[in-house]
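Using our numbering, you'd call the opening residue of the sequence shown number 0 and step up by one each time.
Ideal placement from N, C-alpha and C gives every residue a C-beta, glycine not left out.
A quick note: this is a predicted structure, and the numbers were derived from the prediction, not measured.
Let me begin by presenting the structure, written as structure tokens, before commenting on it.
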Amino acid sequence: MKTRLFVPLLLAGVLSTTTAAEFPQSFNVELQPLKAQVRRVVEAMNYLGFPLSDAEQRELEAAMSEEHQPTAREGIQRVLDRHALYGVHINPEMRVKVSAGPAKAVLHEQGWVQFLVKVHNESGTTAELMAVSPNGQSLFKGGWYRGPSDPPVGDRPRNQPRPAPVAELPNEDRWLDVQMFNNQPLNRTLSGLELEYRIIQLFSRDAGKREAKMAFNVGQGTQDIGYRNEVDLLFDCQPARPITFRVKDENGKPTTASFE
Numbered sequence: 000m001k002t003r004l005f006v007p008l009l010l011a012g013v014l015s016t017t018t019a020a021e022f023p024q025s026f027n028v029e030l031q032p033l034k035a036q037v038r039r040v041v042e043a044m045n046y047l048g049f050p051l052s053d054a055e056q057r058e059l060e061a062a063m064s065e066e067h068q069p070t071a072r073e074g075i076q077r078v079l080d081r082h083a084l085y086g087v088h089i090n091p092e093m094r095v096k097v098s099a100g101p102a103k104a105v106l107h108e109q110g111w112v113q114f115l116v117k118v119h120n121e122s123g124t125t126a127e128l129m130a131v132s133p134n135g136q137s138l139f140k141g142g143w144y145r146g147p148s149d150p151p152v153g154d155r156p157r158n159q160p161r162p163a164p165v166a167e168l169p170n171e172d173r174w175l176d177v178q179m180f181n182n183q184p185l186n187r188t189l190s191g192l193e194l195e196y197r198i199i200q201l202f203s204r205d206a207g208k209r210e211a212k213m214a215f216n217v218g219q220g221t222q223d224i225g226y227r228n229e230v231d232l233l234f235d236c237q238p239a240r241p242i243t244f245r246v247k248d249e250n251g252k253p254t255t256a257s258f259e
């Protein structure tokens, strides 16, 4: 019995170490611009309704106040990595590869959920980071181009870039909606800093277990070869809760109402 119990525990330790090692870490980023970018990300997280916990906020502030720069870098990444669903690495040749992050892949039926994307930008590019998923294709067709995950239809306008070709999926697999949050207080494009965090927003049409493929790029032709620019994750989509409103007027009789 002892042998049977020991082996799975040992394997679990190896798998955990391997997964952590594959997630991108940055050790040489300048601390002052990193702290400025992190403050904007935290502000955006608060605005979108997924703030850090009080304990995490204190831990982050302690890391950002640390005078020893390597310790500060490690502490900042340790806090924010917990909320990162994806890690993106852009090499000096601007080839993009992606890995799964430590955050739990949990979504909510008919609701948006936000996650962080950790970007290790060795190229220093200031292009826009795009997230593309075949599971995020539109359910309807209209116009030449509908979204980053949709295959182009017809002739594109001259001022619009051609997206990477994406094979169309059956409707049952188009359960996801994907968008990057690029509004204030964040910039639309990458800053060029070696390390920064971005926010991805995911919407689930369904409840239950659903798998989705996600790829990232900073422009056509920047995807890494060998399928390294995409990752498949199994999501646990929590079912929505039905809510019943019983509206009555001043006489206690059923009536109609508008809620905002």
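Next item on the list: For PRO133, count neighbouring C-beta atoms within 10 Å of its own C-beta (all shown protein chains included) and say buried if the count is 16 or more, exposed if not.
Entry: Within a 10 Å sphere around the beta-carbon of PRO133 sit 16 or more other beta-carbons, which makes this residue buried.
Next item on the list: Look up LYS278 in the DSSP assignment and say whether it is helix, strand or coil.
Entry: Here the chain has residues from 0 to 259 only, and residue 278 is not among them.
Check: Who pairs with GLU229 in a beta bridge, going by DSSP?
Finding: DSSP lists ALA214 as partners of GLU229.
Next item on the list: Count the other CB atoms, across all protein chains shown, that sit within 10 Å of the CB of LYS96; report buried if there are 16 or more and exposed otherwise.
Entry: Buried.
Checklist line | When ARG197, THR255, MET93 and ASP205 are compared against GLU171, the one with the closest alpha-carbon | finding: Per the Cα distances, ASP205.
Item checked: Close beta carbons around ALA71, own chain, < 7 angstroms, minus the five adjacent residues each side -> Cβ within range, chain order: LEU30, ALA62, MET63 and GLU65.
Next item on the list: May I ask which residues mark the beginning and end of the beta strand (DSSP E) holding VAL28?
Entry: For VAL28, no beta strand (DSSP E) run applies, since DSSP gives it neither H nor E.
Next item on the list: Could you check what DSSP says for GLY48 in three-state terms: helix, strand or coil?
Entry: The answer is coil: DSSP assigns GLY48 none of H, G, I, E or B.
Next item on the list: Measure the alpha-carbon distance for ALA104 versus ASN45 and round it to whole angstroms.
Entry: When rounded, the distance between both Cα atoms is 20 angstroms.
Check: Quick one, which of PHE244, HIS82, GLU60 and LEU33 has its alpha-carbon nearest PHE22's?
Finding: Ranked by Cα distance from PHE22, the options PHE244, HIS82, GLU60 and LEU33 are led by HIS82.
Item checked: ARG81: first and last residue of the uninterrupted beta strand (DSSP E) it sits in -> Counted as a single uninterrupted DSSP element, the stretch harbouring ARG81 is not any beta strand (DSSP E), since DSSP gives it neither H nor E.
Note to self: Check whether chain C comes within 8 angstroms of THR188, counting only Cβ atoms and requiring the distance to be less than that.
What the structure shows: The question asks about chain C, but that chain is absent: this structure has only one protein chain.
Notebook entry, point to check: Considering only the beta carbon of each residue, do ASP80 and GLY135 sit closer than 8 angstroms?
Noted result: No.
Next item on the list: Determine the closest residue to PRO101 out of GLY86, GLU193 and LYS208, with distance taken between C-alpha atoms.
Entry: Of all alpha-carbon atoms in GLY86, GLU193 and LYS208, the one lying nearest the alpha-carbon of PRO101 is that of GLY86.
Next item on the list: Would you grab the beta carbon distance between GLU92 and THR188 for me? Rounded to a whole angstrom, and I think it's under 8 angstroms.
Entry: Contact between GLU92 and THR188 does not hold, since their C-beta atoms are separated by about 19 angstroms, which reaches or exceeds 8 angstroms.
Check: In terms of residues, what are the limits of the alpha helix (DSSP H) holding LEU59?
Finding: Boundaries of the alpha helix (DSSP H) harbouring LEU59: 53-64, taken from the DSSP string.
Notebook entry, point to check: If we ignore side chains and look at the alpha-carbon of each, how far apart do GLU55 and GLU42 end up?
Noted result: The alpha-carbon of GLU55 is positioned some 14 angstroms away from that of GLU42.
Note to self: Let me confirm a value: GLY12 is counted as buried when at least 16 other C-beta atoms fall within 10 Å, else exposed. Which label applies?
What the structure shows: Because GLY12 sits at a pLDDT of 34, beneath the cut-off of 50, its placement in the model cannot be relied upon, and the point is left open.
Notebook entry, point to check: In or out: GLN36 buried (at least 16 other Cβ within 10 Å) or exposed?
Noted result: With at least 16 other beta carbons inside 10 angstroms of its own, GLN36 counts as buried.
Next item on the list: Have a look at GLY74 and PHE49 and give me their C-alpha separation to the nearest angstrom.
Entry: If you take the alpha carbons of GLY74 and PHE49, they lie about 20 angstroms apart.
Notebook entry, point to check: Roughly how many whole angstroms lie between the Cα atoms of SER52 and VAL78?
Noted result: Whole-angstrom Cα-Cα distance: 10 angstroms.
Checklist line | Reference SER190, options ASP235, GLU121, LEU168 and ALA239, closest by Cα | finding: Among ASP235, GLU121, LEU168 and ALA239, the Cα nearest to that of SER190 belongs to GLU121.
Check: DSSP three-state call for LYS252: helix, strand or coil?
Finding: Three-state DSSP puts LYS252 in coil, outside helix and strand.
Notebook entry, point to check: In its own chain, which residues sit with a C-beta less than 7 angstroms from the C-beta of TRP174, not counting the 5 before and 5 after it?
Noted result: Cβ neighbours of TRP174 beyond the five flanking positions: ASN134, SER203, ARG204, ASP205 and ARG209.
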